[in-house]
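Using the numbering used here, you'd call the opening residue of the sequence shown number 138 and step up by one each time. C-beta: ideal position from N, C-alpha, C; glycine also. Below is one structure, written out as structure tokens; the observations come after it.
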Amino acid sequence: MAFYFVRHARVAYPPGLCYGSTDVPADTAHTAQSAVRLAQALPFGLTVICSPLTRCVQLAQALRSLRPDLDFVCDTRIAEMDFGSWEGIPWAHIPRADLDAWATDFGDYRVGGNTSVNAFLARIGTAWDDCAALRALSHGGVVWISHAGVARAVQWLTMGRRLAGLASEWPQDGIGYGVLWAPTLPASPTLAITT
């Protein structure tokens, strides 16, 4: 099964702000441009699964208008991480002590008093397992329209890791806005299929 990942288009939000679960809209023109590129690049027969946040839904809707052959579903499990009290403030204004505490206990620290990376990974992992199940059953491909943090979680999961390690081990390479990425998948899924 083919698996593709797309990050939403550029957001209509000042750069440098923390906006994980904040429902920020995407730039309309960049969304349309990204949808055209995706419509040309994606093969037929895919299921498009998108985050419920507006910036992802906008891209999914624009793509749907160009590619009626694709199936579309929304999945709350692939929404971005919730940064709690950090949401909507500049990263530069988050106290250094808080960032250091997160780096020290990267997997279990409750970011902004809310979600830990391990809780986030567990949520993404359940959606990832569903994709692995489809892959094992040789169904059609899937494309996720989601977020930068989710892309990093997918990178982590493709390495077979379910719990966060050190902050320095977390994937640093991001995915650009509106960019299509085809990660290398494990040769075989690591879960049992139940019916």
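- Trp318 places its beta carbon less than 8 Å from that of Tyr141.
- If you check the CB distance, Ile231 and His145 do not come in under 8 Å.
- In the three-state DSSP reduction, Ser171 falls in the helix class (H, G or I).
- Checking the DSSP bridge columns, you'll see Leu317 partnered with Val143.
- Inter-residue distance for Trp223 and Gln195 is about 25 Å (C-alpha atoms, whole angstroms).
- Around the C-beta of Thr168, 16 or more other C-beta atoms lie within 10 Å, and the residue is accordingly described as buried.
- Pairing Thr165 with Arg204, the inter-Cα distance amounts to about 18 Å.
- Per DSSP, Cys211 is not a residue of any alpha helix (DSSP H); the beta strand (DSSP E) it occupies stretches across Asp208 to Cys211.
- Taking all protein chains in view, the Cβ of Met218 is crowded by 16 or more other Cβ atoms within 10 Å, so the residue is classified as buried.
- The DSSP-derived three-state label of Ala259 is helix.
- Residue pairing by DSSP places Ala163 opposite Val148 in a beta bridge.
- DSSP, reduced to helix, strand and coil, places Ser222 within a helical segment of the structure shown.
- Distance between Arg174 and Cys193, taken at the CA atoms: about 15 Å.
- Per DSSP, the continuous alpha helix (DSSP H) segment holding Cys193 begins and ends at Thr191 to Leu203.
- Annotated three-state conformation of Cys187 is strand, per DSSP.
- Nearest Cα to Phe181 within the set Ile215, Asp242 and Arg201: Arg201.
- Just measuring C-alpha positions, the residue of Ser305, Ala139, Gly311 and Val161 sitting nearest Ala240 is Ser305.
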